[in-house]
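Asks: Each residue of the sequence shown is one higher than the last, beginning at 125 in the numbering used here.
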Amino acid sequence: MPLDTRTLLNGLRSGALRDQLEVHYQPIIYLRNGKLMGYEALLRWDHPEEGMIPPDIFIPFAEQHQMMFEVTQILFEKVLNEQAHWNHSRRTMISLNISPSSLPEDDLSTLLNPLTTDLIINRKQVILEITETAILENPVSSGALIHRLKAEGFSFALDDFGTGYSSLTNLRDLPFSELKVDKSFIQNLDAQRSNDHILIDAILSIAYAFGAFVVAEGIETKETLAQLQSMNCYAGQGYLFAKPMPATAIDSWHAQWP
Ligand code: C2E
Ligand code: CA
Ligand code: CA
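1) Can at least three beta-carbon pairs, one atom from the stretch 359-369 and one from the stretch 328-348, be found at a separation below 8 angstroms?
2) Please return the same chain residues whose Cβ sits closer than 6 angstroms to the Cβ of GLN311, not counting the five positions on each side in sequence.
3) For ASP283, report the span of its alpha helix (DSSP H) as first-last.
4) Helix, strand or coil for GLN150, going by three-state DSSP, please let me know.
5) Using only CA atoms, which one of ALA208, GLN144, GLU206 and ASP180 lies nearest to GLU194?
6) Considering just the uninterrupted stretch of the beta strand (DSSP E) at ASP314, what are its terminal residues?
7) Tell me where the alpha helix (DSSP H) around ILE324 begins and ends.
8) With distance defined between alpha-carbon atoms, name the residue in SER301, GLN188 and ILE374 nearest to GLU261.
9) Bridge partners for ILE177 per DSSP, in chain order?
10) Using 8 angstroms for Cβ pairs, my map puts PRO224 next to ILE254. What's the rounded Cβ distance?
11) Work out the CA separation of ARG130 and GLU164 for me, nearest whole Å.
12) Tell me where the beta strand (DSSP E) around LEU252 begins and ends.
13) Compute the minimum distance between the beta carbon of ASP284 and the heavy atoms of ligand 3, and state whether it is under 7 angstroms.
14) Taking Cβ positions, are SER301 and SER329 nearer each other than 8 angstroms?
15) Once the 5 residues before and after PRO238 are set aside, which same chain residues still bring their CB inside 8 angstroms of it?
16) Near LEU166, which residues of its chain fall below 8 angstroms by C-beta distance, leaving aside the five closest residues on each side in sequence?
17) Does the Cβ-Cβ distance between ALA281 and ILE251 come in under 8 angstroms?
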């Protein structure tokens, strides 16, 4: 049964949201040597009646109903606490998805403050991921926010690269250090007659010219991985390496990773 608006809204506004939101972490791997670069934090909502609600459903809803301050606050708190318990966390990057169009600049600074002051996370290790669509919704304030936080030491990734309408102007005008290529371009890479490898090659050249590196999303097969390695793509994530997992699974995953 589709989730109705009232169920979502009541759930988001209930005091129990802090307990019900979970962060899962997906490893990001350097493709040249298979070593761990870091993790992307991805929210899940474990709703008492509805079960696991994926972020694609509840994040847009939370954005529409001005709930993103609270959701992002919970995300940041959980990531900080959980990362502190990983044995290897000091050496890895952590990527966080943010929605600048639904969070005013000052709100985001307030939320990021504990991250910047807490010694557990060096701000150079924090990559803030923003989608092209989010920038398009509010280009002026998103731009101001990115420039300000970049000056404070955070890095930025342009997420879902290639799916929006403004990819190249964003690259020209904003200080992105990373491009995340959407999985729709990656998943057919090894199919016969696919033109996606031409696109990926071009994206890699453009990113390189702007001094940014490329992370390929949605790597599911060894063939796709081999293609990306032969094109010198910098890093990647996908089910081939690991699905997003709860914080409690991270140490044992890391222990068995080469
Ligand atoms: P995204 O940022 O593009 O995240 C990547 C999505 O691809 C994740 O879906 C991940 O589980 C999925 N994925 C990773 N590897 C593979 C693969 O090999 N194959 C396939 N088919 N999928 C793969 P997820 O976790 O459902 O998140 C969906 C979207 O929700 C994210 O897309 C992001 O835009 C949004 N999101 C998640 N957490 C947050 C958050 O804390 N804040 C905000 N603002 N948005 C979030
Ligand atoms: Ca992302
Ligand atoms: Ca993405």
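We put the CB at the ideal spot given by N, CA and C, even for glycine.
Replies: Well, looking at it:
1) As far as the Cβ criterion goes, the stretch 359-369 touches the stretch 328-348, which means the pair count is three or higher.
2) So the list reads GLY342, once near-sequence residues are dropped.
3) Premise fails: ASP283 lies in the beta strand (DSSP E), 279-285, not in any alpha helix (DSSP H).
4) GLN150: strand per DSSP, three-state reduction.
5) Nearest option by C-alpha distance: GLN144.
6) Where ASP314 is concerned, there is no enclosing beta strand (DSSP E), because DSSP gives it neither an H nor an E.
7) Per DSSP, ILE324 is one residue of the alpha helix (DSSP H) stretching across 320-333.
8) Minimum Cα-Cα distance from GLU261 among the listed residues SER301, GLN188 and ILE374 corresponds to GLN188.
9) Looking at the DSSP assignment, ILE177 forms a beta bridge with TRP169.
10) Their Cβ separation, rounded to whole angstroms, is 6 angstroms, which keeps PRO224 and ILE254 in contact under 8 angstroms.
11) Whole-angstrom Cα-Cα distance: 30 angstroms.
12) Segment 250-255, the beta strand (DSSP E) holding LEU252.
13) Checking every heavy atom of ligand 3 against the Cβ of ASP284, one is found closer than 7 angstroms.
14) Between SER301 and SER329, the CB-CB gap reaches or exceeds 8 angstroms.
15) Contacts found: PHE200, GLU201 and LEU204.
16) Excluding positions up to five away in sequence, the list reads VAL147, HIS148, TYR149, GLN150, PRO179, ASN221 and PRO368.
17) Yes.
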